[in-house]
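Residue numbers for the sequence shown follow this note's numbering, so the first one is 1 and each next one is one higher. We treat Cβ as the ideally placed atom computed from N, Cα and C, and that holds for glycine. Treat the numbers as computed from the prediction; the structure is a model and nothing was measured. What follows is a set of notes on a single structure, which appears directly below.
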Amino acid sequence: MQKYLYLTKAEWTEPWIRGGKIPLKVASTYLSLERAGTLTPDENLIHEGPYPAESIYNWLGLKGKIPDSFLFRGNTSNGRALPDAERRFEDGFVLCLCNSLNQLVCKQLGKSACVRILNVEKLKAVLDAQMGKIGAAGSCRYTKSHQRNHFLKSEADQWQDEYRIFWPLDESDELDDRWVDLPEGMADIAQMDQE
Numbered sequence: 001m002q003k004y005l006y007l008t009k010a011e012w013t014e015p016w017i018r019g020g021k022i023p024l025k026v027a028s029t030y031l032s033l034e035r036a037g038t039l040t041p042d043e044n045l046i047h048e049g050p051y052p053a054e055s056i057y058n059w060l061g062l063k064g065k066i067p068d069s070f071l072f073r074g075n076t077s078n079g080r081a082l083p084d085a086e087r088r089f090e091d092g093f094v095l096c097l098c099n100s101l102n103q104l105v106c107k108q109l110g111k112s113a114c115v116r117i118l119n120v121e122k123l124k125a126v127l128d129a130q131m132g133k134i135g136a137a138g139s140c141r142y143t144k145s146h147q148r149n150h151f152l153k154s155e156a157d158q159w160q161d162e163y164r165i166f167w168p169l170d171e172s173d174e175l176d177d178r179w180v181d182l183p184e185g186m187a188d189i190a191q192m193d194q195e
C-alpha cells in the first residue's frame, strides 16, 4: 500500500530513498491554538461520549474552566442515568502521511518536497521494531461532531487526507524526537505534476 510524505526541505528525501536516520516527533508537536498547516487545536485529544464537554458541564451546573481530562462512568442525577463520557489528552510518537499526492495539500502543509512510500506495511514493521512496540495505523476519519481520537479528527482537517502511524508514550519515553534508521528504498521521489 503506497502513501505519501510531504517534507519541508528537498534534502530530507534522501534518507527515505537511500536509507538513513529520520526523526519521529511526538504528536503534541502539532498542537496549536489555531489550525494552520500541520497544526491543530485538537491534536492528542481523546473525547468519547454523546455530548461535548461544554454541554456536560452546563448540564451538571458546574462552573469554571472545563478540565483537560474527565471521566464520567455510571453516574446518575435525580435517579436518571447520565451518559458516560471521557475526555483526556494522550501523547505519543506519530508519523503523518497522506493517502494522496496533491500539489494543493503540499502547499497548504507548507512543504516543498514529497516522497512516495512504496510499502507502508513494510515501513511500519521497520519502525515498530525500532520503537519496541506495535503502533496503530490507519487513515484518519473526519467528523463535524465533538468526538476525537488519534484517527478521528475535525472535518476542518479533511483536506489533509491523512494516514498515520501512532505509538503511545510509555513512562520511560522522553518527549524529544525519536531517531530511527530507515533501510534503503523505503520511498522514491513523488512527482506531483504527473498526478
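Output the distance between the C-alpha atoms of residue i and residue j, rounded to the nearest integer angstrom.
i: residue 185; j: residue 18; result: 6 Å
i: residue 51; j: residue 107; result: 35 Å
i: residue 57; j: residue 38; result: 30 Å
i: residue 155; j: residue 144; result: 6 Å
i: residue 149; j: residue 128; result: 21 Å
i: residue 124; j: residue 80; result: 46 Å
i: residue 64; j: residue 134; result: 39 Å
i: residue 49; j: residue 14; result: 44 Å
i: residue 16; j: residue 121; result: 15 Å
i: residue 62; j: residue 102; result: 46 Å
i: residue 66; j: residue 126; result: 40 Å
i: residue 33; j: residue 27; result: 14 Å
i: residue 2; j: residue 100; result: 9 Å
i: residue 7; j: residue 136; result: 22 Å
i: residue 9; j: residue 110; result: 10 Å
i: residue 53; j: residue 70; result: 9 Å
By the three-class DSSP mapping on this structure, what secondary structure does residue i have?
i: residue 190; result: coil
i: residue 124; result: helix
i: residue 102; result: coil
i: residue 134; result: coil
i: residue 157; result: helix
Out of the options, which one is the CA nearest neighbour of residue i?
i: residue 29; options: 131, 128, 138, 176; result: 176
i: residue 161; options: 98, 113, 121, 119; result: 98
i: residue 118; options: 187, 111, 10; result: 187
i: residue 11; options: 96, 114, 2; result: 114
i: residue 25; options: 173, 189, 191; result: 173
i: residue 159; options: 75, 35, 78; result: 35
i: residue 179; options: 20, 55, 192; result: 20
i: residue 55; options: 153, 192, 146; result: 146
i: residue 40; options: 191, 153, 71; result: 153
Would you list the one or two residues that DSSP bridges to residue i?
i: residue 45; result: 89
i: residue 162; result: 98
i: residue 83; result: Paired residues: none, contrary to the question.
i: residue 39; result: 36
Check: Would you say the segment 126-142 touches the segment 41-55, given that touching needs at least three Cβ pairs under 8 Å?
Finding: no
Check: For the 8 Å Cβ check, are there 3 or more pairs between the segment 91-99 and the segment 160-168?
Finding: yes
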